[in-house]
Amino acid sequence: MSKENLVKVQILNAFTDNDKGGNPAGVVFDADGLSNKTKQEMAAKIGFSETAFVSQSNIADYKLDFYSPNRQIAHCGHATVATFSYLRQLNILNNDTVTKETIDGIRKIKIQGELAFMEQLAPKYLDVKKRENTILKSLGIEKNDLMENAPITLVNTGNSFILIPVKNRATLHKLKPDMGLITEISDEFDLIGVYPFTLNDDNNGKDASSRMFGPRYNIFEEAGTGMAAGPLACYLHDILGIKKNKYFIQQGEFMQVPSPSLIIVDLETDNGIIKSLMAGGKGVLKMEKQISLVINND
């Protein structure tokens with residue numbers, strides 16, 4: 117049985133910096149009656165890097181399913197932050213700790229004022245030196261463009277990203293991503309994408325600037341990626357020895373249409389070992405729209 121319906125979509129920018137910029141996500145509430153096929157079709161029509169579909173859960177406070185324009189994804193930081201920050205702004209969330217169910221398990225969400233933070237797992241690291249030349253070629257850079265004594269590394273805190281430390285902001289700005297090569301690397305290592313970054317030395321209060329390219333998921337460049345900023349904070353702590361409990365990560369400023377984002381990452385450590393982390397920020401409602409779709413209840 118199918119019928120044509122109008123489904124309401126909230127468009128929210130997550131990881132805004134002083135309520136500006138940020139990474140747009142679609143959020144669909146009351147998604148219990150939508151099939152996986154319909155969710156995928158909606159995500160493709162909405163067209164943002166990810167859309168969150170929020171429904172009831174028997175094991176957590178909410179169930180969230182995330183879809184990029186071409187496939188489902190286990191976790192999405194910015195769509196999670198957008199969802200829970202907005203729920204707090206609507207005064208629907210009264211507790212400062214809630215939980216979300218995803219296809220990859222349950223995660224804690226912490227609320228601080230209108231900011232929402234999503235739990236990520238302790239980091240796992242993988243040496244990818246054998247593919248260094250291909251990774252460099254995929255970004256149009258050479259080995260002398262890299263930061264010294266900082267290895268290219270795959271980091272996973274729930275999703276996998278390859279982190280590429282470049283020596284300065286000018287190098288980060290001049291990157292020329294080859295989407296075909298990045299897709300090849302992403303398939304090989306089961307990545308969401310690659311995450312080149314550099315340390316900030318301009319005393320602006322931000323620890324690092326970054327970019328994220330994820331063409332495997334039709335994300336050609338993203339303005340703010342919570343599930344990549346978490347791994348970056350772990351890299352700064354464990355590999356570069358920048359020992360802090362809170363990191364401020366910039367992203368989105370070097371996009372073709374700049375949309376500066378700020379991602380805050382809190383680390384929980386025990387005797388210097390990262391046990392878990394929270395990445396988050398603020399979501400701001402930009403608009404509401406309706407999507408016309410044939411709803412299949414299969």
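For the sequence shown, my numbering gives the first residue as 117, with consecutive numbering after it.
Cβ atoms here follow ideal geometry from the backbone N, Cα and C, with glycine treated the same way.
What you are looking at is a predicted structure, and each value in this text was computed from that prediction instead of being measured.
The bridge partners DSSP lists for residue 193 come to none. Annotated three-state conformation of residue 388 is coil, per DSSP.
Considering only 330, 277 and 366, the residue with the shortest C-alpha distance to residue 285 is 366. Under the three-pair Cβ rule at 8 Å, the segment 320-333 counts as touching the segment 286-293. By DSSP's assignment, residue 325 forms a beta bridge with 314 and 366.
For residue 182, DSSP records a beta bridge to 168 and 189. Taking 7 Å as the cut-off, the Cβ atoms of residue 128 and residue 198 count as close. CA-to-CA, the gap between residue 357 and residue 134 works out to about 29 Å. Judged by their CB atoms, residue 342 and residue 193 are nearer to each other than the 7 Å cut-off. Judged by their CB atoms, residue 271 and residue 239 are nearer to each other than the 7 Å cut-off.
Runs of the beta strand (DSSP E) spanning 3 or more residues and lying entirely within the segment 258-321 occur at 269-272, 276-281 and 309-315, in chain order. Residue environment: residue 122 is assigned as exposed (fewer than 16 neighbouring CB atoms within 10 Å of its CB, all protein chains considered). Taking one beta carbon from each stretch, the segment 261-268 and the segment 242-252 have 3 or more pairs nearer than 8 Å; the two touch.
Residue 338 is classed as buried because its beta carbon has at least 16 other beta carbons within 10 Å across all chains shown.
Taking the C-beta atoms as reference points, residue 161 is found nearer than 7 Å to residue 407.
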